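Here the structure is laid out as structure tokens; the discussion comes afterwards.
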Amino acid sequence: MEDEIQMRFYLMSLVKSLGFDPVLAKDGVQGLDTLTRIKPSAIILDIMMPKKGGAIVYQELVTHPEFKTIPIIFFSGVDRKAFFHHIKMLNINLEHDIPEPAIFVAKDADSEYLKEIIKKCVLGNGLEPE
Amino acid sequence: MNVKAMENNKILLVDDEAGIRKVLKITLESSGYDVCLASDGETGLKTFIEKNPCIVITDIKMPGIDGIEVLKRIKDLNPETEVIMITGHGDMNLVVKSLQHEAADFITKPIDIGDLESAIKKAQERISISQNINSYMDDLESLVKEKDKKINESEKLVTIGQTIAGMSHAIKNIAGGLKGSSFVLEQGIELENREYLKQGWEMMKGNINKITKLSLDLLNYAKTTKLDFKLENPNKPVREVMQLMNHRAKEENIIFKLLPCMEKRLVFMDCDAIHNCILNLVVNAFDSFNKIANPDQIKNVNIIVEKENNNIVYKVQDNGCGINDTIKKSILKDFITTKGMNGTGFGLMTTKKIVEEHDGEIHFSSEKGKGTLFVVKIPLRSKVEERGF
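So the sequences go chain by chain: A and B.
Anchor point for the first sequence: position 5 equals 5 in my numbering, and the numbering is continuous, going up by one each time.
Anchor point for the second sequence: position 75 equals 1075 in my numbering, and the numbering is continuous, going up by one each time.
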């Protein structure tokens, strides 16, 4: 899920180059809608998106019985610390705490690094039993 | 005796009795003092102005200008002068009076040379102490100035730090975009895929534009610290903005109007900086139509220049999307952008800074869906001195 068209194209080509099959969504709403039809091996999630931002999508995913096992890779230009703090603040309104995001890749990270992370998530998810 | 004390060696003696003058001159000169004489108050004051002694010894009772008057006038001429009074026996009223006028000391007749010399020594010490204090004060002043300068510099650094932090999102996005585009281009070359090459190239161009804009914004911001004030026609910076933006207005069907000011007086300002301010506000006004719901809406942007009290007021008015209530509070404070990837949050910060450097004011009113009005006030000054140069 990434709102910017060029970034979306980049992520698509990156996932394709790994031999995986990318499914694209331009915001959180479209992304969650896609999840009702397909179950991906991993989700790459931008934070600042219109309609539904990455933080809310994350909240919905980790509290969802079916989706909570899908590995989520945050990919954003937002400051990591500020974002984690934001997630913590969102937690206050919830009955159950939601876990701190496991994977956060800065938007300016090298493509090779991002590829490694995606590979690990996709393969790890396929191998590990639930 | 130190150097300063040596300089404080000059004594003026004012006494109407020739005998006393003669004896004291010989005695004091033999003790190493440089003595000049005056036989009455008037000559005494003249000699004081000519020779500028640090210490004056004067008899109180004299024909013409008396000792108290000499004391008063000398203290008026140079308050640092130490004046020692010579009094007759039982002149307690005069002694009190002279002390009220800040005489340094008094000695009674018949004059005891020991008393006189110790009075002179004390006076010299006071002079050198006050000279030291003065030089300490000077040192302190320059020290404070230096520290102030350093504080200003560090404040500037803090601002730059905040600026950079505020920009980090924009920078990371650009860096990410450039890395992304080079990956896509590489893939395009590897796979000989024209679509990849096209997309990658578009992405790279977009990010080159972004980084160009960001660096120009930064340069503009840096420029606000070094403004070049001149007397200018208040309409000049706005006419340039009109010329620059007319093309875009036609392209985007925006009705773009200028109401110039009739004020004949020139305004003391940095024309380029004010031009940047207004341009920035006009670009924002134009951009405000990007988010309007109805594409058929008539789009108006007006620049109004007018004189209000002692200010030249620039108004930039649009009927675009308006400013969100939550953003209103921080819009002139932080580097925020409502333009997503296309903004850096620099524009309004720079605008505000320029206005403040002109001792002016900036404020705005806005209603969501109805439009925004930005008002910039620049004080009308015709003289350079009024700004404290």
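Note that the Cβ used here is the ideal one computed from N, Cα and C, for glycine as well.
The model shown is predicted, which means the values in this text are computed figures rather than measured ones.
For residue i, the first and last residue of its enclosing beta strand (DSSP E)
i, result
"G1390 of chain B", "No answer is possible for residue 1390 of chain B: the residues shown for chain B start at 1001 and end at 1389."
"S17 of chain A", "Premise fails: S17 of chain A lies in the alpha helix (DSSP H), 5-17, not in any beta strand (DSSP E)."
"Q1199 of chain B", "Per DSSP, Q1199 of chain B belongs to no beta strand (DSSP E); it is in the alpha helix (DSSP H), 1194-1223."
"T1043 of chain B", "Unbroken run through T1043 of chain B is the alpha helix (DSSP H), 1041-1051; no beta strand (DSSP E)."
"Q1317 of chain B", "1311-1318"
"T1058 of chain B", "1055-1059"
"A1038 of chain B", "1034-1038"
"D1105 of chain B", "1105-1108"
"T1087 of chain B", "1082-1087"
"L1012 of chain B", "1010-1014"
"V1301 of chain B", "1299-1308"
"L1231 of chain B", "1230-1232"
"I1362 of chain B", "1361-1367"
"L1266 of chain B", "No beta strand (DSSP E) holds L1266 of chain B; DSSP gives it neither H nor E."
"K1257 of chain B", "1254-1259"
Contact list for residue i against chain B, beta-carbon separation under 7 Å
i, result
"D110 of chain A", "K1179"
Own chain residues within Cβ distance below 6 Å of residue i, not counting five before or after
i, result
"A1038 of chain B", "V1014, G1044, T1047"
"I1211 of chain B", "I1174"
"E1058 of chain B", "It is worth fixing the name first, because residue 1058 of chain B is Thr in this sequence and not Glu. For T1058 of chain B, where only same-chain residues beyond five positions count, the Cβ hits under 6 Å are V1014, G1067, V1070."
"K1315 of chain B", "I1304, V1375"
"I1312 of chain B", "P1234, V1267, I1378, L1380"
"L1279 of chain B", "V1241"
"I1362 of chain B", "K1352, V1355, V1376"
"D97 of chain A", "N91"
"V62 of chain A", "K68, I98"
Residue i: contacting residues in chain A (beta-carbon distance under 7 Å)
i, result
"N1173 of chain B", "G77, K107"
"V1184 of chain B", "F9, Y10, S13"
"S1168 of chain B", "D79"
"G1206 of chain B", "Q6"
"G1176 of chain B", "G77, K107, D108"
"Q1187 of chain B", "S13, S17"
"Q1243 of chain B", "In chain order: nothing, as chain A lies at least about 33 Å away."
Contacts that residue i makes with chain B (C-beta to C-beta distance below 9 Å)
i, result
"M18 of chain A", "First, the residue type needs correcting, since residue 18 of chain A is Leu and not Met in the sequence shown. Within chain B, no residue comes near L18 of chain A; the closest Cβ sits about 11 Å away, beyond 9 Å."
Closer than 9 Å at the beta carbon, the chain A residues around residue i
i, result
"S1215 of chain B", "Under the 9 Å cutoff, chain A gives no residues; its nearest Cβ is about 17 Å from S1215 of chain B."
"Q1131 of chain B", "The premise fails here: Q1131 of chain B is roughly 58 Å from chain A at the closest Cβ pair, so nothing lies under 9 Å."
Contact belief for residue i with residue j at Cβ below 8 Å, rounded distance in angstroms
i, j, result
"M1085 of chain B", "F1106 of chain B", "4 Å"
"L72 of chain A", "I43 of chain A", "Before going further, note that residue 72 of chain A is Ile rather than Leu in the sequence given. With a Cβ gap of about 5 Å, I72 of chain A and I43 of chain A count as contacting."
"S41 of chain A", "V122 of chain A", "4 Å"
"R8 of chain A", "K26 of chain A", "7 Å"
"F1286 of chain B", "R1248 of chain B", "6 Å"
"I117 of chain A", "V105 of chain A", "6 Å"
"L1348 of chain B", "N1302 of chain B", "L1348 of chain B to N1302 of chain B, Cβ: 19 Å. No contact."
"I1056 of chain B", "L1094 of chain B", "Rather than Ile, the amino acid found at residue 1056 of chain B in this sequence is Val. Actually they do not touch by this definition, with Cβ atoms about 16 Å apart."
"M89 of chain A", "L45 of chain A", "The Cβ separation is near 18 Å, so there is no contact."
"P1270 of chain B", "L1216 of chain B", "What sits at residue 1270 of chain B in the sequence shown is Asp, not Pro. D1270 of chain B to L1216 of chain B, Cβ: 17 Å. No contact."
Neighbouring residues, chain A, relative to residue i (Cβ below 8 Å)
i, result
"E1202 of chain B", "Q6"
"Y1196 of chain B", "S13"
"Q1297 of chain B", "Going along chain A, no residue has its Cβ under 8 Å from Q1297 of chain B, so there is no contact; the nearest lies around 21 Å."
"Q1317 of chain B", "Result: empty, since nearest Cβ-Cβ is about 28 Å, beyond 8 Å."
First through last residue of the alpha helix (DSSP H) which encompasses residue i
i, result
"Y58 of chain A", "54-62"
"H1275 of chain B", "1271-1287"
"V78 of chain A", "Premise fails: V78 of chain A is in no alpha helix (DSSP H) and is neither H nor E."
"I1020 of chain B", "1018-1030"
"M1062 of chain B", "Here M1062 of chain B belongs to no alpha helix (DSSP H), and DSSP marks it neither H nor E."
"L1094 of chain B", "1092-1100"
"E1251 of chain B", "1236-1251"
"L1348 of chain B", "1347-1357"
"L24 of chain A", "From DSSP, L24 of chain A is part of no alpha helix (DSSP H); its letter is neither H nor E."
"I70 of chain A", "Per DSSP, I70 of chain A belongs to no alpha helix (DSSP H) and is neither H nor E."
"I1327 of chain B", "1325-1328"
Cut-off 8 Å between Cβ atoms - residues of its own chain near residue i, not counting five sequence neighbours on either side
i, result
"D108 of chain A", "G77"
"N1253 of chain B", "K1299"
"V1283 of chain B", "M1245, G1347"
"G1180 of chain B", "M1203"
"K1172 of chain B", "none"
Neighbourhood of residue i by C-beta, 7 Å cutoff - its chain only, sequence neighbours within 5 removed
i, result
"Q1199 of chain B", "V1184"
"V23 of chain A", "T34, I38, P40"
"Q1100 of chain B", "none"
"C1054 of chain B", "N1008, K1010, T1081, E1082, I1127"
"K1097 of chain B", "I1068"
"M1062 of chain B", "D1016, D1040, G1041"
"N1207 of chain B", "I1174, G1177, L1178, S1181"
"E1386 of chain B", "For E1386 of chain B, the pLDDT reaches just 46, beneath the cut-off of 50, and the residue's location in the model is therefore unreliable, although a value from the coordinates is still provided. Cβ within range, chain order: n/a, list empty."
Interface flag, residue i vs chain C, CB-CB below 8 Å
i, result
"Q6 of chain A", "Looking for chain C here will not work: the only protein chains present are A and B."
Measuring CB atoms only, is the stretch 1316-1329 of chain B touching the stretch 1354-1373 of chain B, in the sense that at least three cross pairs come out at less than 8 Å? The answer is yes - the stretch 1354-1373 of chain B touches the stretch 1316-1329 of chain B, with three or more Cβ pairs under 8 Å.
Count the C-beta pairs between the stretch 1014-1029 of chain B and the stretch 1106-1117 of chain B that are closer than 8 Å, then say yes if the count reaches three, no if not. Touching, yes.
Hey, is the stretch 7-21 of chain A in contact with the stretch 50-58 of chain A, meaning 3+ C-beta pairs nearer than 8 Å? Not touching, per the Cβ criterion.
With a cut-off of 8 Å, do at least 3 Cβ pairs link the stretch 1229-1244 of chain B to the stretch 1194-1213 of chain B? Contact between the stretch 1229-1244 of chain B and the stretch 1194-1213 of chain B is absent, because fewer than three Cβ pairs lie under 8 Å.
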